[in-house]
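Enquirer: Quick note on the numbering used here: the sequence shown kicks off at 2 and runs consecutively.
Glycine residues also receive a C-beta, built at the ideal position from the N, C-alpha and C atoms.
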Amino acid sequence: GLFLLAEEPYGAAPVDFLHELPSCQSTRRRPGGTQERRPAPLGTTGSRGAAARAQLRERSGPAERPAREHPNCMAEKRILRHSEQTDTEHLSRWKKWRRTSSKSLKKALSEAKGVSSYLVLWRHDIHNIEGKFGAGIQSYFSFLRFLVLLNFIMFILMFSFITLPIIISKYGVLNSTIAYISPNTEDNCTIYEPNDNKGLVYFYTYLNDLLSGTGFLEVTILFYGYYSIDAVWISIMRYNLPLAYLLATFAYLALSFLWVIKRSVEGFTQNLVHDADPFQSYCNKVFAGWDFSITDPNAARLKQHSLQYELQTDLQEEKLKQKIAERTMEEKLRIYSLRIFINIIVIAILSGCFYSIYIATVFSQENSNDTDNVNSLVNLLVQYLPSIVITLANFIAPLIFSFLIRFEEYTPAFEIKLTLLRCVFMRLANIAVLLFSLWSQISGCGSDKCKPCGYNYKLYPCWESDVGQEMYKLMIFDFIVILAVPLFVDFPRKFLVTHYSCKLVQWFGYKEFGISDNVLEIIYGQTICWIGTFFSPLLPAIATIKYFIIFYVKKIVLKHAHKPAARPIRASSSNFFFMVVLLIGLVLAFIPLAVSIAHIPSSKACGPFRNFNTSWEVIPEAILRFPTVLQQIFFGIASEAFAVPFFVILCIVMFYVIALARAHKQVVEQLREQLVLEGRDKVFLIRKITEAQSN
């Protein structure tokens with residue numbers, strides 16, 4: 002367009018009209034932007050800069066990447082390929098060998114990467130799900146695969162460093178020593194007689210033990226009380242099992258934290274790209290909203306309805322924002338008063354759930370010691386009472402939250418976020434209340450009961466195994482509920498909707514596959530796994546098997562009993578949301594583990610820490626065995642003289658990163674504004690060209 006205008010004999014001067022460009026006028030209106038921006042004539046600075054860039058591309062481009070990766074047409078790629086081959090003929094043998102070996106290595110790595118992609122777990126299944134139901138539902142199954150891999154690595158870690166040395170030493174392959182008990186310990190604190198059901202027992206007793214983690218299962222490698230060995234001798238080397246137990250716990254928590262952070266950052270970058278201003282949001286939906294991985298016609302129609310729904314929702318939100326801006330003071334007072342009243346109701350519901358869990362836990366702990374075979378079923382129900390109450394709370398409370406949120410007059414997007422936030426808080430807080438109830442029973446007893454040992458040794462002679470059993474029961478009951486809902490609810494519902502034309506049945510219709518609800522379900526189970534692994538080292542193996550089975554159950558239910566949600570969640574937003582909620586669950590798991598390790602006295606009747614006041618004391622004792630120089634280094638790191646400067650430096654780095662992020666945000670906003678101005682410039686130039694041609 003510029004060259005056409007420059008060649009017009011009766012047009013204006015080729016430079017003058019450029020000052021009329023919207024981008025130039027916008028630059029003049031900015032503070033400090035009063036200088037006129039003059040375009041560079043041909044053959045001067047502009048052309049020299051273009052020539053320099055061309056030379057830079059010629060020097061660096063072909064050497065860095067092959068011709069097929071350049072953003073050029075096929076003819077230019079052929080010319081570039083020919084020039085590369087011509088340049089290669091004039092190179093020395095050494096440079097030819099380096100270039101050939103570099104290409105061969107890149108090709109081998111590319112082929113290895115292609116082959117390794119076929120080894121990815123559930124690769125074909127997840128691709129099929131993405132093709133039939135879209136990327137949003139596919140993100141849930143990818144998240145499930147991530148949890149399977151995470152739990153499997155946690156199991157390998159705990160089994161290799163804790164369980165395997167114990168098993169080897171039990172069979173006499175390696176020598177071992179039992180953790181000794183301090184002579185100052187009261188005799189009552191060392192009494193631990195688990196009921197392992199020796200002799201003739203009924204079959205349902207084994208089933209009861211399998212579901213509750215008691216009886217024969219209590220004295221296996223599944224629970225903390227089995228690991229009573231202090232050290233394993235490998236030749237002349239001493240393997241410190243208590244130290245390994247604690248370090249393995251720190252290792253799986255650190256591994257989970259780093260892995261979740263890594264995936265959260267990836268999801269955040271994708272979410273940041275999509276969460277642009279409203280204008281870009283509309284453009285993204287219209288021009289780039291289609292999911293090209295869809296191959297199923299029904300899924301394509303569903304995606305069309307989804308895009309239509311998203312556009313309608315955005316328009317409704319804009320209208321609602323306009324309506325909010327036009328509210329009078331009386332309307333604002335009414336809405337805020339209503340929101341305060343509804344939040345009071347929500348707090349009351351949460352308080353009722355927490356109190357019910359506390360009462361159920363205390364009742365279960367005080368009345369679950371009935372070993373009479375006649376009352377075995379009642380005893381099992383009493384033991385599972387906290388799990389049943391938690392499951393009912395997780396099922397009923399979200400329904401009430403979804404009903405109440407309609408009266409608060411929020412935007413549709415904020416309604417979903419607030420409801421999910423309340424459900425996340427309730428699910429994770431239920432676990433916290435359960436653990437608080439257990440701790441109140443373990444260490445919050447009267448002074449007479451706790452004085453000899455520091456904990457309630459009569460009710461909990463090995464309290465770590467008891468906590469492990471509670472986590473085990475929560476995980477087993479959660480797994481049973483996940484399997485029972487499709488079997489007794491979803492498939493019968495589909496059968497009724499398919500074969501009966503009753504209006505009430507048709508009004509219920511097929512159940513939607515709620516991605517958020519399913520994700521909260523498995524994050525709840527994963528938080529239980531993180532907390533319970535310290536008290537039950539093989540709990541990650543159970544979680545791995547559980548999620549492996551859940552994958553196929555959810556896949557079958559999705560294809561045969563459910564329909565995709567009418568209000569789908571975008572894949573980028575869902576991935577980021579999944580990881581943020583998972584990170585919240587992991588942070589919550591740190592708190593009870595830190596209290597159990599550093600605050601509550603360890604059991605004197607079982608476990609590898611029976612000769613320590615707390616589990617944490619194994620760390621200072623291990624450091625005291627190091628050379629003096631290493632002791633000074635470690636104690637110096639733990640002192641205030643190191644902690645205060647480290648905290649100050651950390652704050653400085655944090656402020657620097659925040660300032661850098663703000664600078665990047667400003668650059669992004671300027672680039673976004675520049676894109677808008679370039680679009681206006683194109684419209685302006687097209688109009689000028691049209692006027693010049695018409696004249």
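1. State the CB to CB distance for the pair GLU471 and SER604, rounded to an integer number of angstroms; the pair is presumed to be in contact (CB under 8 Å).
2. If I'm right that GLU410 touches ILE360 with Cβ under 8 Å, what's the distance once you round it to whole angstroms?
3. Is the beta carbon of LEU521 closer than 7 Å to that of CYS530?
4. Is it right to say ALA76 is buried, meaning 16 or more other beta carbons lie within 10 angstroms of its own, or is it exposed?
5. State yes or no: is the C-beta of GLY216 within less than 7 Å of the C-beta of CYS607?
6. State the Cα-Cα distance for the pair PHE578 and GLN366, rounded to the nearest angstrom.
7. Is the separation between the beta-carbon of ILE295 and that of LYS304 shorter than 7 Å?
8. According to the neighbour-count rule (16 or more other Cβ atoms, all chains shown, within 10 Å of its Cβ), is ARG79 buried or exposed?
9. I'd like to know if the segment 479-490 and the segment 623-630 are in contact, where contact means that at least 3 CB-CB pairs between them fall below 8 Å.
10. Compute the distance between the beta-carbons of PHE536 and VAL619, then report whether it is under 7 Å.
11. Between THR420 and MET155, which are expected to be in contact by the criterion C-beta below 8 Å, what is the C-beta distance as a whole number of angstroms?
12. Between which two residues does the beta strand (DSSP E) containing ASN241 stretch?
13. Exposed or buried, what is HIS306 when buried is set at 16 or more other beta-carbons lying within 10 Å of its beta-carbon?
14. Can you say whether VAL645 is buried or exposed, counting buried as having 16 or more other CB atoms within 10 angstroms of its CB?
15. Roughly how many whole angstroms lie between the Cα atoms of SER403 and LEU422?
16. Which residue's Cα is closest to the Cα of ILE389: ASN431, ILE417, GLU679 and VAL684?
17. Go ahead and label GLN384 buried or exposed: buried means 16 or more other beta carbons lie within 10 angstroms of its beta carbon, across all protein chains shown.
18. Use the C-beta contact count for MET330: other C-beta atoms within 10 angstroms, 16 or more gives buried, fewer gives exposed.
19. Is the number of C-beta pairs between the segment 242-256 and the segment 549-560 that are closer than 8 Å three or more?
20. Can you tell me whether DSSP reads LYS459 as helix, strand or coil?
21. My parser needs the alpha helix (DSSP H) runs of 4 or more residues fully inside the segment 317-389; what are they?
22. Under 8 Å by Cβ, that's how I've got ARG145 and PHE552 pegged, so tell me the actual separation to the nearest angstrom.
23. So what's LYS512 in DSSP terms, helix, strand or just coil?
24. What does DSSP give as the partner residue(s) for LYS564 in the beta ladder?
25. So, does the segment 219-234 touch the segment 160-171, judging by three or more C-beta pairs under 8 Å?
26. Are the CB atoms of GLN527 and LEU254 within a distance shorter than 7 Å?
27. Looking at TYR461: is its Cβ nearer than 7 Å to the Cβ of PRO602?
28. Run through DSSP, which three-state label would TRP98 get?
29. Distance, Cα to Cα, TYR328 vs LEU334?
30. Whose C-alpha, out of LEU120, VAL669, TYR240 and ILE127, is nearest the C-alpha of PHE162?
Expert: With the structure as the only source:
1. The Cβ separation is near 15 Å, so there is no contact.
2. Not really, about 36 Å apart at Cβ, beyond 8 Å.
3. no
4. exposed
5. no
6. 36 Å
7. yes
8. exposed
9. Remark: fewer than three beta-carbon pairs, one from each stretch, lie closer than 8 Å, so the segment 479-490 and the segment 623-630 are not flagged as touching.
10. Result no, Cβ atoms of PHE536 and VAL619 do not sit closer than 7 Å.
11. At roughly 31 Å, the Cβ-Cβ gap does not stay under 8 Å, so THR420 and MET155 are not in contact.
12. 238-241
13. exposed
14. Here VAL645 is exposed. Its C-beta has fewer than 16 other C-beta atoms within 10 Å.
15. 12 Å
16. Closest option to ILE389, Cα to Cα, is ASN431.
17. It counts as buried.
18. With fewer than 16 Cβ atoms within 10 Å of its Cβ, MET330 is classed as exposed.
19. In short, these stretches do not touch, since the Cβ pair count stays below three.
20. Judged by DSSP in its simplified three-state form, LYS459 adopts coil rather than helix or strand.
21. 330-368 and 377-384
22. In the sequence under discussion, the amino acid at residue 145 is Leu, which differs from the Arg named in the question. Correct: roughly 5 Å between the Cβ atoms.
23. The answer is strand: DSSP assigns LYS512 an E or B state.
24. Beta-bridge pairing by DSSP links LYS564 to GLU513.
25. yes
26. no
27. no
28. Helix.
29. The residue asked about is misnamed: residue 328 is Arg in this sequence, not Tyr. Straight-line Cα distance between these residues: approximately 10 Å.
30. Closest option to PHE162, Cα to Cα, is TYR240.
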